[in-house]
Amino acid sequence: MNWFPYPEKDHAMRSASNWLQLSFATSIAGLLAWHSPAQEKSVKPGINDQFRKPEVAKFVERFEGESREVFDKRAEVLKALDLKPGMAVADVGAGTGLYTRLIAKAVGQQGKVLAVDIAQEFLDHIGKTAAEQKIGNIQVILGKDASTGLPPASVDLVFICDTYHHFEFPSRILESIHQALKPGGRLVIVDFIREPGVSREWILGHVRASQAVVEREVTQGGFRKNSEIKDIMKENYLVTFTKIADARKPEGSR
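Rendered as structure tokens:
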């Protein structure tokens, strides 16, 4: 049935309808552009090549040895996380699962840990080790270079240990983390101190950004710095942030 028997009215109504559809689509596209960072270029191409097909045994020895500061000081770092039973925590860049297992025990069976990594081999190892140690509150998630893969509003805390400097697309990863955190959720970053004249040469060559740069990137991603603990480690810093409203605003807004 033709609801518009007069052709000129039919044409006018169709034009108005098409205009409204186009306007709506344009508005939606604008909103999506606001909430998604611009196509970010890799800040360090190839930084994660060694983790595409890692030899897990080699990395267990490397990551879980007393010579590694974040392993040696694991009890102090764990205490600084201020974990509570029942919390949901994401370990982003979980690697061999050192902190994944420690956090899982701290939050208890009422809590859970989401272990995120870009290497399926690491995730398989985490799952196998958890089964062997009868730790039943660990889930694994295969992340991507520009996304953690974490569900929205799924965790109370995101923990990133010696991994931030491996983010090829930090802005997009931070957006993914921001979305994954519940309102008021916390982000804790442990990473190498990069300071010429202080840091070892391999750190200066390997680590992309100083603590100041990291903090600026994180706060621009919708977080507020809460605290910093300086006396735990010599070569690593630990900083805590809280999720706030999205810091990005539509262009031209006040």
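According to the working numbering, the sequence shown is numbered sequentially starting from 10.
For glycine and all other residues, C-beta sits at the position ideal for the given N, C-alpha and C.
inquiry  = Considering only the alpha carbon of each residue, which of Met-242, Gly-104, Gln-188 lies closest to Gln-59?
reply    = Gly-104
query = Would you report the Cα separation of Asp-240 and Leu-247, rounded to the nearest angstrom?
reply = 9 Å
inquiry  = Only counting the same chain, and skipping five residues up and downstream in sequence, which positions put a Cβ closer than 8 Å to that of Leu-87?
reply    = Tyr-108, Leu-111, Ile-112, Ala-115
ask   = Should Phe-33 be labelled buried (16 or more other beta-carbon atoms within 10 Å of its own) or exposed?
value = Note that Phe-33 scores a pLDDT of 40, beneath 50, so its modelled location is shaky; the value from the coordinates is reported in the next line. Burial call: exposed.
query = Three or more beta-carbon pairs under 8 Å between the segment 79 to 97 and the segment 114 to 134, yes or no?
reply = yes
key: Three-state secondary structure (DSSP) of Phe-250   = strand
request  = Using the Cα positions of Pro-179 and Ser-51, report the straight-line distance between them to the nearest angstrom.
outcome  = 9 Å
inquiry  = What does the alpha-carbon distance come out to for the pair Ala-221 and Glu-130?
reply    = 33 Å
key: Assigned exposure category for Ala-139 - 16 Cβ within 10 Å defines buried   = buried
request  = State whether the segment 201 to 217 contacts the segment 153 to 163, with contact taken as three or more CB pairs (one from each stretch) at a distance under 8 Å.
outcome  = no
request  = Return the first residue and the last residue of the alpha helix (DSSP H) that Gln-148 is part of.
outcome  = Note, Gln-148: premise wrong, no alpha helix (DSSP H); beta strand (DSSP E) at 147 to 151.
inquiry  = Could you tell me the alpha carbon to alpha carbon distance between Lys-252 and Asn-235, rounded to whole angstroms?
reply    = 10 Å
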